[in-house]
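Below you'll find the structure, written out as structure tokens, and then a few comments.
Number of protein chains: 2
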Amino acid sequence: MGWRFRWTEAHRGRSRTLSGMARIEDVAALAGVSVGTVSNVLNRPQAVTPKTRARVETAIAELGYLPNESARALVSGRSRTVGLVVPDVTNPFFADLARGAEEVADKHDVVVMLYNSAESPERELRYLGHLETQRVQGILATPVNPGGQAVEALIKRGTPVVLLDRGQASRTVCSVAVDHRAGGRLAATHLTEIGHRRIAFVGGPLSVPGVAERLDGARSAVDHSDILLETIETPSLTVAAGREAATTLVRRPARERPTAVFCANDLLALGVLQTVAREGLRVPEDLAIVGYDDIEFAAAAAVPLTSVRQPREQLGRVAAELLFEEINDPSRHGHRQVVFQPDLVVRTSSAG
Amino acid sequence: MGWRFRWTEAHRGRSRTLSGMARIEDVAALAGVSVGTVSNVLNRPQAVTPKTRARVETAIAELGYLPNESARALVSGRSRTVGLVVPDVTNPFFADLARGAEEVADKHDVVVMLYNSAESPERELRYLGHLETQRVQGILATPVNPGGQAVEALIKRGTPVVLLDRGQASRTVCSVAVDHRAGGRLAATHLTEIGHRRIAFVGGPLSVPGVAERLDGARSAVDHSDILLETIETPSLTVAAGREAATTLVRRPARERPTAVFCANDLLALGVLQTVAREGLRVPEDLAIVGYDDIEFAAAAAVPLTSVRQPREQLGRVAAELLFEEINDPSRHGHRQVVFQPDLVVRTSSAG
DNA sequence: GATGAGTGATGTAACGATTCAATAACCAGG
DNA sequence: CCTGGTTATTGAATCGTTACATCACTCATC
Chain C
1 MGWRFRWTEA HRGRSRTLSG MARIEDVAAL AGVSVGTVSN VLNRPQAVTP KTRARVETAI
61 AELGYLPNES ARALVSGRSR TVGLVVPDVT NPFFADLARG AEEVADKHDV VVMLYNSAES
121 PERELRYLGH LETQRVQGIL ATPVNPGGQA VEALIKRGTP VVLLDRGQAS RTVCSVAVDH
181 RAGGRLAATH LTEIGHRRIA FVGGPLSVPG VAERLDGARS AVDHSDILLE TIETPSLTVA
241 AGREAATTLV RRPARERPTA VFCANDLLAL GVLQTVAREG LRVPEDLAIV GYDDIEFAAA
301 AAVPLTSVRQ PREQLGRVAA ELLFEEINDP SRHGHRQVVF QPDLVVRTSS AG
Chain A
1 MGWRFRWTEA HRGRSRTLSG MARIEDVAAL AGVSVGTVSN VLNRPQAVTP KTRARVETAI
61 AELGYLPNES ARALVSGRSR TVGLVVPDVT NPFFADLARG AEEVADKHDV VVMLYNSAES
121 PERELRYLGH LETQRVQGIL ATPVNPGGQA VEALIKRGTP VVLLDRGQAS RTVCSVAVDH
181 RAGGRLAATH LTEIGHRRIA FVGGPLSVPG VAERLDGARS AVDHSDILLE TIETPSLTVA
241 AGREAATTLV RRPARERPTA VFCANDLLAL GVLQTVAREG LRVPEDLAIV GYDDIEFAAA
301 AAVPLTSVRQ PREQLGRVAA ELLFEEINDP SRHGHRQVVF QPDLVVRTSS AG
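As given, the protein sequences belong to chains C and A, one line each in that order.
At position 183 of the first sequence the residue is numbered 183 (UniProt numbering), and the sequence of numbers has no breaks.
At position 341 of the second sequence the residue is numbered 341 (UniProt numbering), and the sequence of numbers has no breaks.
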């Protein structure tokens, strides 16, 4: 049968010239064994004689052979990756979260693909689709719109998902979140306790559930009191948005100004702090500031920022652990909604 | 031939029960066409009649079919991803860089896998290996040790690489970097011009080429003068390291203290700023501070930080563009070493 | 009504690995 | 030196796509 010979020749020719990358067959040929044996060396080393194993390993080293993950994934039906979709990589809160998740994934010999949805539903959809297309083992996501059907569809088609920081009450999926209502209450209570009677909440968009919850918590803390809580909604949760919000604040005459602001995250708070300081107001004497997340830069600000601390890395770790639990034992797995309680870290920006 | 029938049955059975995920064959069956046609709809829509195309698209939607990237990558030999390896995702400088790269990759319909080597050569090696097993189209990397052979081997085996921020002079590879010597000179010159005679360089480890270059540049600016430049080497480029370095500084009696510090990056500078302020020193009156990178938090610090600005996102963008140039036209591609000139952004922390 | 050009759909080898049933090699014991 | 029972290795089927060489139409032309 001539065809087999021809095929083999063409095959080798292509491989040598075009790709340069060794295949398992090349290793087998060099070591004088079958491809099955090479595969065994790779995946079940104890099943092969030390002598042949050594020979194969030499060949592998000599050719610089690295197995093709695509082929592996094709056979096994799953790639060795999980996806992580966050709304803003440049927000240190999410960077820390990613670090926590990465740590756990490492232990499971899985790599984390990090995607930045930039709060855009379109990008999020594209990225989730891409992850599914990659047949990732599972996905950790902070969905832009947690009520959306994108995640539901994903789960229905069989990809395990853990919701991060924006879990809804749904029992159909695991989630890890922080009680933002409690966080908001904590912040507002603190400000009232140190004597503030006029407080502004700076944050937005309010369509982001976590933000609305923080506001809600703050409101619940001042309900049935004479304390004034106004809302300044921002278009995003960035330093720039904080600067803008502060600009409108400092323009007001002093007696129409709140004496304290509670910001929906630390980026906003830093923006507010910066503008307020530049305009000559003293923090906390003229304006007290409380942030949220307790990112590292909160403490590092020259007026160290009081902030509601979230267990940032732990959130990522626990989420990843839940995900791997579901991946590795889907039948025994029951969906859980983990809710952490935040706590308040008082620093100079709201000191007495 | 009975075997073909048996095979088909078993095949379908597995797919239905175990995976739930539709295959191209399922789509073909539902639409009443061949798999080839479905593939055409997916990849060359113009080659198929509108009528059949519509039928296939309906079937795709109905089944929620998503092509298996592993299989695609296997056939084409390349996945639709590029890798990005950075030494510290939690450093906003690298987060911005990643954003720039992502932007360009998006245009090429390629996704960026982000890896965090955490300055560990072992992790870096693992990640580079992983990227190679994934047969990524190319890699953007800020290698821990740019002189190492890891990158060389990668290139030799055919994966295009662009060195980011830590390019050596090598002509065998593209690189995008900033002239850190010039940056160091800029910072030191500025400090001397506003009258400082005793300056400390805070940064490390000095084995990181960029750090050593910044120091070198600073030295060249004070050479042949009576200005004292001392070096305080730090174990890392983090806020915490900055705090520690500052602690040793503020303990000294005032007359043995530098009047200005030049930090190898903004994280260090923020750490220094924080500690120094907490210990009651005024910035810039008692101690002027200059950072490096000009991350967003530099401007947002309550004592806004003078910093040497790198074109952060642009670095990522240009690097990605070079990479895609090499990927899409390897023969015409010539390796280039792009070097940006940094500039100094003077803010309060070193004002007069 | 047969011919041929041109277009659209089909069928199948190939991508590079894993897996597992079948076979070969080995080694004691008689 | 053969036999039986392990253990080590082999070979082929398989994963889900793509690409491309065939094959099947359709429709204008003579």
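The C-beta atom is built at its ideal place from N, Cα and C for all residues, glycine as well.
Alpha carbon to alpha carbon, what distance is there between residue j and residue i?
i: A200 of chain C; j: L287 of chain C; result: 10 Å
i: E279 of chain A; j: D179 of chain A; result: 35 Å
i: G217 of chain A; j: L164 of chain C; result: 45 Å
i: S120 of chain C; j: M113 of chain A; result: 19 Å
i: L97 of chain C; j: P87 of chain C; result: 12 Å
i: R347 of chain C; j: A141 of chain C; result: 32 Å
i: H335 of chain A; j: I327 of chain A; result: 12 Å
i: V89 of chain C; j: A153 of chain C; result: 25 Å
i: D109 of chain C; j: E122 of chain A; result: 14 Å
i: A264 of chain C; j: A22 of chain C; result: 53 Å
i: V239 of chain C; j: R312 of chain C; result: 19 Å
i: G32 of chain C; j: R55 of chain C; result: 9 Å
i: R252 of chain C; j: R282 of chain C; result: 15 Å
i: T275 of chain A; j: K156 of chain C; result: 52 Å
With H, G and I counted as helix, E and B as strand and the rest as coil, what does DSSP make of residue i?
i: R198 of chain A; result: strand
i: L140 of chain C; result: strand
i: L154 of chain C; result: helix
i: A351 of chain C; result: coil
i: R6 of chain C; result: Note on R6 of chain C: pLDDT 31, under 50, position unreliable in the model; no value is reported.
i: G83 of chain C; result: strand
i: N145 of chain A; result: coil
i: A177 of chain C; result: strand
i: L237 of chain C; result: coil
i: D216 of chain A; result: helix
i: L114 of chain C; result: strand
i: L206 of chain C; result: coil
i: V318 of chain A; result: helix
i: H11 of chain A; result: Residue confidence for H11 of chain A is low, a pLDDT of 40 falling below 50, so the modelled location carries little weight and cannot support an answer.
i: V338 of chain A; result: strand
i: V222 of chain A; result: helix
i: V211 of chain C; result: helix
i: T192 of chain C; result: helix
i: R78 of chain A; result: coil
i: R185 of chain A; result: helix
Which residues mark the beginning and the end of the beta strand (DSSP E) in which residue i is found?
i: residue 375 of chain C; result: Coverage of chain C is limited to positions 1 through 352, which leaves residue 375 of chain C absent and any answer about it impossible.
i: E230 of chain A; result: L228 to E233
i: D343 of chain C; result: D343 to V345
i: V161 of chain A; result: V161 to L164
Are the C-beta of residue i and some C-beta of chain A separated by less than 9 Å?
i: H130 of chain C; result: yes
i: Y292 of chain C; result: no
i: E122 of chain C; result: no
i: R332 of chain C; result: no
i: F324 of chain C; result: no
i: R243 of chain C; result: yes
i: S79 of chain C; result: yes
i: residue 354 of chain C; result: One cannot answer for residue 354 of chain C here, as it falls past the ends of chain C, which runs 1 to 352.
i: V104 of chain C; result: no
i: L74 of chain C; result: yes
For chain C, check one thing: does any of its Cβ atoms lie closer than 9 Å to the Cβ of residue i?
i: E285 of chain A; result: no
i: Q134 of chain A; result: yes
i: P67 of chain A; result: yes
i: N116 of chain A; result: yes
i: R166 of chain A; result: no
i: P235 of chain A; result: no
i: G204 of chain A; result: no
i: G13 of chain A; result: The pLDDT assigned to G13 of chain A is 38, lower than 50, so where the model puts this residue is not dependable; a value taken from the coordinates is nonetheless given after this. No, no contact with chain C.
i: A260 of chain A; result: no
First and last residue of the alpha helix (DSSP H) that includes residue i?
i: P121 of chain C; result: P121 to T133
Hey, which unbroken runs of the alpha helix (DSSP H) at 4 residues or more fall wholly within the segment 244 to 314 of chain A? 266 to 278 and 296 to 300
Can you give, in chain order, each stretch of the alpha helix (DSSP H) that sits fully within the UniProt domain "HTH lacI-type" (22 to 76) of chain C and has at least 4 residues? 24 to 31, 35 to 43, 50 to 63 and 69 to 76
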